[in-house]
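Okay, so here's the structure we're looking at.
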Amino acid sequence: EAQVTQNPRYLITVTGKKLTVTCSQNMNHEYMSWYRQDPGLGLRQIYYSMNVEVTDKGDVPEGYKVSRKEKRNFPLILESPSPNQTSLYFCASSLDRDTEAFFGQGTRLTVV
Amino acid sequence: GENVEQHPSTLSVQEGDSAVIKCTYSDSASNYFPWYKQELGKGPQLIIDIRSNVGEKKDQRIAVTLNKTAKHFSLHITETQPEDSAVYFCAAGTGGFKTIFGAGTRLFVKA
């Protein structure tokens, strides 16, 4: 089954404790993105990757890191999480930027 | 910077009526305009998309129109059903490689 898998689905952590949210897709897609979803703000792009080893900032990259060492994986790293990063996070993949994006189930992160 | 504005933020219609959601975008280089539906507890799913060389596209009860001159595109849902209740997002690919989403419209279809 074609899918985007994120883990974990739920995470509660403390300020400053490094964490990684994993994302994997099995569709051989080139383009992958991370978004955060906050009430009233919609989906805001954090980082995107055009293909392996090519990543770039979206609209809200501060406090986040990503890497794209393999085509299928695109982890999101929070080196020192803060409470303002409490949000619902989605990973998405698509053949290229201007084609249908397939979203993961989301990761609800709470930073206390 | 680039942005996409979406209206209304909330829309309530009676079952069987039509629903219209409107979006405007700022980047004149945008060429791809998808619409996503998000049900509770799930990730968004594409319902229809349109490219800049097309003015209108229809798929059963759903249609999208695009006016590139005005930088405006709209989603039209006819004969609404309770299962259409969800949050709808418009989006636009920018002239760079970003994708910008609207803030979303929560649609309620009353039976």
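So the protein sequences, as listed, match chains A and B.
Anchor point for the first sequence: position 15 equals 903 in my numbering, and the numbering is continuous, going up by one each time.
Anchor point for the second sequence: position 1 equals 1428 in my numbering, and the numbering is continuous, going up by one each time.
Yeah, the Cβ is synthetic: ideal placement off N, Cα and C, and Gly gets one too.
Point to revise | Inter-residue Cα distance where the pair is Ser975 (chain A) and Asp926 (chain A) | key: One-based indexing of the first sequence puts residue 975 (chain A) at position 87. One-based indexing of the first sequence puts residue 926 (chain A) at position 38. One C-alpha to the other measures close to 6 Å.
Review point. Are Tyr923 (chain A) and Phe978 (chain A) close, meaning C-beta to C-beta below 8 Å?
Key: Position 35 of the first sequence, counted from the start, is the residue given in the question as residue 923 (chain A). Position 90 of the first sequence, counted from the start, is the residue given in the question as residue 978 (chain A). Yes.
Point to revise | Meets three-Cβ-pair contact criterion under 8 Å: the segment 1434-1450 of chain B and the segment 953-966 of chain A | key: no
Exercise for review: Over the uninterrupted beta strand (DSSP E) stretch that includes Tyr977 (chain A), give me the two end residues.
Suggested key: Counting from 1 along the first sequence, the entry for residue 977 (chain A) is found at position 89. That run of the beta strand (DSSP E) goes 975-982.
Practice item. Could you check the C-alpha separation between Gly946 (chain A) and Cys1517 (chain B) for me, to the nearest Å? Key: As a position in the first sequence, residue 946 (chain A) is number 58, starting the count at 1. As a position in the second sequence, residue 1517 (chain B) is number 90, starting the count at 1. For Gly946 (chain A) and Cys1517 (chain B), the distance between alpha carbons rounds to 17 Å.
Review point. Does Ser857 (chain A) have its Cβ less than 8 Å from a Cβ in chain B?
Key: Residue 857 (chain A) cannot be examined here, being either before or after the span of chain A that is shown, 889 to 1000.
Exercise for review: Pick helix, strand or coil for Asp1511 (chain B), following the three-state DSSP scheme.
Suggested key: As a working note, residue 1511 (chain B) is residue 84 in the second sequence. In the structure shown, Asp1511 (chain B) sits in a helix (DSSP, three-state: H, G or I).
**Study point:** Interface residues of chain B facing Glu988 (chain A) [CB-CB closer than 8 Å]
**Key:** For this step, residue 988 (chain A) is matched to residue 100 along the first sequence. Chain B residues near Glu988 (chain A): Pro1461, Leu1473, Asp1476.
Check your understanding: Is there at least one non-hydrogen atom of the ligand ATP closer than 7 Å to the beta-carbon of Thr908 (chain A)?
Key -> Only the bare structure without any ligand can be found here, which leaves the ligand ATP out of the picture.
**Study point:** Within chain B, the residues that Met915 (chain A) reaches when beta carbons sit closer than 8 Å
**Key:** Along the first sequence, read from residue 1 onward, the residue named residue 915 (chain A) stands at position 27. Within 8 Å Cβ-Cβ: nothing; Met915 (chain A) doesn't reach chain B, min ~14 Å.
Practice item. Starting from the C-beta of Phe1500 (chain B), find all residues in its chain whose C-beta is less than 6 Å away, skip the five residues before and the five after it, and write them out in chain order. Key: Position 73 of the second sequence, counted from the start, is the residue given in the question as residue 1500 (chain B). Cβ within range, chain order: Cys1450, Phe1460, Leu1493.
Exercise for review: Say whether chain A places a C-beta atom closer than 8 Å to the C-beta of Gly1443 (chain B).
Suggested key: For the purposes of this step, residue 1443 (chain B) is taken as residue 16 along the second sequence, with counting starting at 1. So, not an interface residue.
**Study point:** Helix, strand or coil at Asn914 (chain A) according to DSSP, with G and I counted as helix
**Key:** Within the first sequence, numbered from 1, the residue matching residue 914 (chain A) stands at position 26. Note: Asn914 (chain A) maps to coil in three-state DSSP.
**Study point:** Any C-beta of chain B under 8 Å from that of Gln1011 (chain A)
**Key:** A question about residue 1011 (chain A) goes unanswered here, because the residues of chain A that appear run from 889 up to 1000.
Practice item. Go ahead and pull the three-state DSSP assignment for Pro971 (chain A). Key: Position 83 of the first sequence holds residue 971 (chain A). Helix at Pro971 (chain A).
Practice item. Return helix, strand or coil for Val1440 (chain B), following the three-state DSSP convention. Key: To locate residue 1440 (chain B), count along the second sequence from 1; it is residue 13. Three-state DSSP puts Val1440 (chain B) in a strand.
Check your understanding: Taking a cut of 7 Å between CB atoms, which residues from the segment 966-987 of chain A lie near chain C?
Key -> Of the protein chains in this structure, namely A and B, none is chain C.
Review point. Where does Tyr898 (chain A) land, buried or exposed, given buried means 16+ other C-beta within 10 angstroms?
Key: On the first sequence, position 10 is the one that residue 898 (chain A) refers to. When all chains shown are included, Tyr898 (chain A) counts as exposed.
Review point. What residue ranges within the segment 918-954 of chain A form continuous beta strand (DSSP E) runs of no fewer than 3 residues, ordered along the chain?
Key: 919-926, 930-939, 942-945
Review point. Using a Cβ-Cβ distance under 8 Å, would Leu964 (chain A) count as near chain B?
Key: For this step, residue 964 (chain A) is matched to residue 76 along the first sequence. No - not a single Cβ of chain B is within 8 Å of the one on Leu964 (chain A).
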